[in-house]
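Enquirer: Once you've had a glance at the structure underneath, I'll fire off some questions.
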């Protein structure tokens with residue numbers, strides 16, 4: 020499904036060198052490691068927001084290394100939900116698709132939220148809307164950049180379980196990066212410690 | 049609010065009313081006494097009098113085209129400056145936004161030098177000077193577009209664009225334009241356009257010097273002001289002043305309302321990030337920045353070079369030589385004009401006099417508004433609008449207000465009172481001081497003050513040891529802004545002091561440039577004075593830049 024071959028990147032210091040990752044359809048991988056070890060940069064390279072120093076990324080066998088981010092079909096959930104404040108919840112979902120907003124919101128546990136202003140949402144609700152939007156776009160792979168880290172413990176456990184179930188339902192492969200090993204265990208099928216590679 | 053604060057607040061409102069609002073009310077009362085109260089007749093008189101014919105149409109049309117051209121030139125500059133990283137970015141931003149603090153009369157001198165016989169010599173037909181005026185307005189206001197749009201672009205959390213790139217409806221440039229850039233930039237562009245329109249609408253020095261025949265409402269008003277408000281003598285002047293100021297008041301009031309509405313929309317919940325996040329380089333951007341720097345610096349350099357370039361008239365030909373004769377003439381003075389040093393002294397006295405009154409007055413008014421916001425929001429809003437009223441008056445109307453108001457109180461004071469321009473400058477600068485201090489007070493962390501209270505510090509001690517040091521940046525910006533505005537003020541000073549013995553630097557420039565052009569030192573000497581004034585305002589501007597907060601999203 021997704022193959023990352025010999026990925027290397029440095030920002031002053033080497034963040035990752037000759038890194039290989041394979042992700043199968045429906046598999047959820049967690050990449051753990053302390054702050055500053057290059058987890059976020061790795062995700063940004065995979066989705067195309069940053070360029071690799073060297074290495075190849077294959078998606079379903081196609082080389083997407085040089086394809087711009089907007090054409091890769093890879094979704095990303097940021098640490099803080101990025102919701103556009105000039106649009107309602109429904110307006111934000113429209114950026115991914117004009118249809119099935121109600122169904123997507125029910126799936127993430129936010130029925131009847133279509134007309135809500137995004138600045139009235141709590142952190143957890145905002146992250147659920149961002150997730151609904153990411154899933155509406157039908158990504159080939161979903162990347163999650165510590166999206167649960169800003170939430171309180173109860174809320175994050177509930178969201179982790181919900182998101183995992185949703186991804187498994189759709190057989191959508193995903194990569195979560197986090198510094199929280201408990202969160203990684205709960206969410207993923209397997210883990211890679213980036214600081215030990 | 050304790051009793052001491054109440055006392056100072058009431059005193060500040062009283063002083064503000066006495067020196068700013070009451071003279072204007074007296075002036076309007078005087079003009080109405082001469083003309084009668086009939087706004088329709090006042091407006092009709094504008095087209096019926098030869099001196100003011102077509103001024104309404106001309107004012108609107110030139111302001112409209114000036115605004116369009118300003119956006120067309122300014123927006124690409126704001127875009128490349130805000131979106132990409134540049135070496136010496138702060139310096140680039142400073143030189144590109146410099147025109148806004150350069151007094152309008154200097155801009156006029158710069159463009160006259162470029163287009164006149166000392167430069168390209170293209171001031172031959174009406175289309176030339178029409179476009180010169182429009183370009184000079186664009187030059188003057190380009191900073192507004194940059195100031196309003198560039199911080200929005202450079203401090204926008206980059207995740208907004210990145211997230212959109214990864215969504216189906218953000219794939220193309222046009223979809224990102226529709227879903228991100230237009231919503232986020234429209235209020236800023238509209239607010240900057242609105243201010244540009246206002247400044248072009250009330251433009252005086254540029255219109256006075258660049259146009260040949262046409263006049264704006266402001267320049268018409270200034271021209272007839274000396275005969276306005278006198279019963280039985282050229283009463284049409286009073287009609288013209290009332291008609292012009294009535295239209296200006298309505299337009300400026302509508303613009304202020306629109307500005308306030310747009311400013312609120314600009315304060316949206318778009319997350320900002322540090323400017324350091326914007327790391328992208330774009331070499332193609334130099335194709336925008338280099339011509340923009342050239343455009344911005346050309347009139348400034350022309351003024352400096354023009355002060356040393358003297359026409360050498362011989363029997364058969366006209367040539368130019370490099371000489372300091374213009375400077376000598378400016379410093380020497382003549383029977384008709386005071387020396388540069390005297391005008392400089394007057395200007396400095398007026399600007400410091402303005403500062404001494406306007407800064408504490410503006411600070412106390414802002415502080416009163418801020419404290420009322422917590423207890424009585426309606427009264428706070430009324431006071432805020434009250435302090436903004438001078439924004440809805442043009443400089444010429446303020447000058448006329450001071451003149452006629454003083455005449456009503458004590459006619460001889462109009463000719464004996466040396467500090468008359470200070471009054472006009474205070475009226476003009478107090479609203480700016482309030483606008484600079486008020487946001488700083490609003491963002492002041494109350495816990496600092498509360499902590500000082502529980503440590504047993506008195507009101508006086510808390511103000512000087514806690515509040516003042518923490519707000520020194522805003523206070524310094526307000527100080528420098530007040531000094532710079534007073535030094536470069538032309539419209540009101542033109543009415544109040546042009547026939548006095550206490551003329552200012554802008555008035556001296558105006559007088560020197562008004563000498564017959566056959567005198568080879570007319571242009572160099574006026575440019576020499578303009579250079580001195582320009583250097584002072586540039587130094588003040590650099591001080592402001594050092595203390596300006598990049599996250600203020602284009603406020604002063």
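Chains as they are written, first to last, in the working numbering: chain A, 20 to 216; chain B, 49 to 604.
Beta carbons: idealized from backbone N, C-alpha and C, even for Gly.
Predicted model, so just to flag it, every value in this text is computed and none were measured.
Going by other Cβ atoms of all chains shown within 10 Å of its Cβ, with 16 needed for buried, is residue 429/B buried or exposed?
Expert: Residue 429/B is exposed by the Cβ-count criterion.
Enquirer: Counting along the chain, where does the alpha helix (DSSP H) carrying residue 27/A start and finish?
Expert: Run containing residue 27/A: none in the alpha helix (DSSP H); it sits in the beta strand (DSSP E), 21 to 30.
Enquirer: Which full runs of the alpha helix (DSSP H) of 4+ residues lie inside the region 244 to 268 of chain B, going along the chain?
Expert: DSSP runs (the alpha helix (DSSP H)) wholly in the region 244 to 268 of chain B: 253 to 258.
Enquirer: Do residue 136/A and residue 107/A come within 8 Å of each other at the CB atom, strictly closer than that value?
Expert: Yes.
Enquirer: Determine the direct distance from the alpha carbon of residue 346/B to that of residue 180/B, and round the result to whole angstroms.
Expert: Those two C-alpha atoms are separated by around 13 Å.
Enquirer: Report yes or no: is there a C-beta of chain A within less than 8 Å of the C-beta of residue 199/B?
Expert: Answer no: the Cβ-Cβ gap between residue 199/B and chain A never drops below 8 Å.
Enquirer: According to the neighbour-count rule (16 or more other Cβ atoms, all chains shown, within 10 Å of its Cβ), is residue 262/B buried or exposed?
Expert: Residue 262/B should be labelled buried.
Enquirer: Could you tell me whether any Cβ in chain A is nearer than 8 Å to the Cβ of residue 215/B?
Expert: Yes, residue 215/B counts as interfacial toward chain A.
Enquirer: Skipping 5 residues on each side, what residues in its chain have a beta carbon closer than 6 Å to that of residue 603/B?
Expert: Legend: pLDDT at residue 603/B = 48, less than 50; position of this residue unreliable, no value from coordinates given.
Enquirer: At the level of alpha carbons, what is the spacing between residue 28/A and residue 163/A?
Expert: Using only the alpha carbons, I get a separation of about 20 Å.
Enquirer: From the DSSP output, in three-state form, read off residue 7/A for me.
Expert: As shown, chain A starts at 20 and ends at 216. That puts residue 7/A outside it, with no answer to give.
Enquirer: Find the nearest neighbour of residue 471/B within the set 427/B, 378/B, 248/B and 406/B, judged by alpha-carbon distance.
Expert: For the residues 427/B, 378/B, 248/B and 406/B, the minimum Cα distance to residue 471/B belongs to 406/B.
Enquirer: Residues of chain B with CB under 7 Å from residue 101/A, in chain order?
Expert: Going along chain B in sequence order, the residues near residue 101/A (Cβ under 7 Å) are 207, 208 and 211.
Enquirer: Can you tell which of 503/B, 232/B and 126/B has its C-alpha closest to the C-alpha of residue 104/A?
Expert: It is 232/B whose Cα lies nearest to the Cα of residue 104/A.
Enquirer: On the criterion of 16 or more Cβ atoms from any shown chain inside 10 Å, does residue 575/B qualify as buried, or is it exposed?
Expert: Under this definition residue 575/B is a buried residue.
Enquirer: What residues of chain B sit near residue 156/A, judged by a beta carbon separation below 7 Å?
Expert: In chain order: 215 and 216.
Enquirer: Which bits of chain B does residue 113/A rub up against, with CB to CB less than 8 Å?
Expert: Within 8 Å Cβ-Cβ: 217.
Enquirer: Are residue 21/A and residue 42/A touching if we call contact CB-CB under 8 Å?
Expert: Against a cut-off of 8 Å, the Cβ pair of residue 42/A and residue 21/A comes out as a contact.
Enquirer: Roughly how many whole angstroms lie between the Cα atoms of residue 93/A and residue 515/B?
Expert: Going by the C-alpha atoms only, they are around 51 Å apart.
Enquirer: Tell me, please, whether the CB atom of residue 93/A is closer than 8 Å to any CB atom in chain B?
Expert: Yes, because at least one Cβ of chain B sits closer than 8 Å to the Cβ of residue 93/A.
Enquirer: Assuming residue 476/B is part of the beta strand (DSSP E), what are its boundary residues?
Expert: No beta strand (DSSP E) holds residue 476/B; the alpha helix (DSSP H) holding it covers 468 to 490.
Enquirer: Compare the C-beta of residue 330/B against all C-beta atoms of chain A and say whether one is closer than 8 Å.
Expert: For residue 330/B, the answer is no, since every Cβ of chain A falls outside 8 Å of its Cβ.
Enquirer: Residue 126/B and residue 257/B - do their beta-carbons sit closer together than 8 Å?
Expert: For residue 257/B and residue 126/B, no; Cβs fall outside 8 Å.
Enquirer: Is residue 212/B close to the ligand NAP? I mean its beta-carbon at under 7 Å from any heavy atom of the ligand.
Expert: The model on display carries no ligand, and the ligand NAP is accordingly not part of it.
Enquirer: What are the boundary residues of the beta strand (DSSP E) that includes residue 210/A?
Expert: Taken as a continuous stretch (DSSP letters only), the beta strand (DSSP E) holding residue 210/A covers 209 to 212.
Enquirer: Over what stretch of residues does the alpha helix (DSSP H) that includes residue 54/B continue unbroken?
Expert: Residues 51 to 64.
Enquirer: Give a yes or no on contact between the region 160 to 171 of chain B and the region 188 to 195 of chain B, applying the rule of three or more CB pairs nearer than 8 Å.
Expert: Touching, no, given that fewer than three Cβ pairs across the two stretches are closer than 8 Å.
Enquirer: Look at the alpha carbon of residue 460/B and the alpha carbon of residue 277/B, and state the distance between them as a whole number of angstroms.
Expert: Cα to Cα, the separation comes out at about 16 Å.
Enquirer: How long is the line joining the alpha carbons of residue 573/B and residue 373/B, rounded to whole angstroms?
Expert: For residue 573/B and residue 373/B, the distance between alpha carbons rounds to 8 Å.
Enquirer: Could one say the Cβ of residue 227/B lies closer than 8 Å to chain A's Cβ atoms, at least one of them?
Expert: By this cut-off, residue 227/B is an interface position.
Enquirer: Out of curiosity, what's the CA-to-CA distance linking residue 599/B and residue 78/A?
Expert: For residue 599/B, the predicted model reports a pLDDT of 49, less than 50, meaning its position is unreliable; a value from the coordinates is still stated below. Distance between the alpha carbons of residue 599/B and residue 78/A: 41 Å.
Enquirer: Return helix, strand or coil for residue 198/B, following the three-state DSSP convention.
Expert: Correct three-state label for residue 198/B: helix.
Enquirer: Who are the neighbours of residue 152/A on chain B, taking C-beta pairs under 8 Å?
Expert: By Cβ distance, chain B contributes 215.
Enquirer: For residue 134/B, which three-state DSSP category applies?
Expert: Coil at residue 134/B, not helix or strand.
Enquirer: Strictly under 8 Å for the Cβ-Cβ distance: is residue 116/A near chain B by that measure?
Expert: So yes, residue 116/A belongs to the interface.
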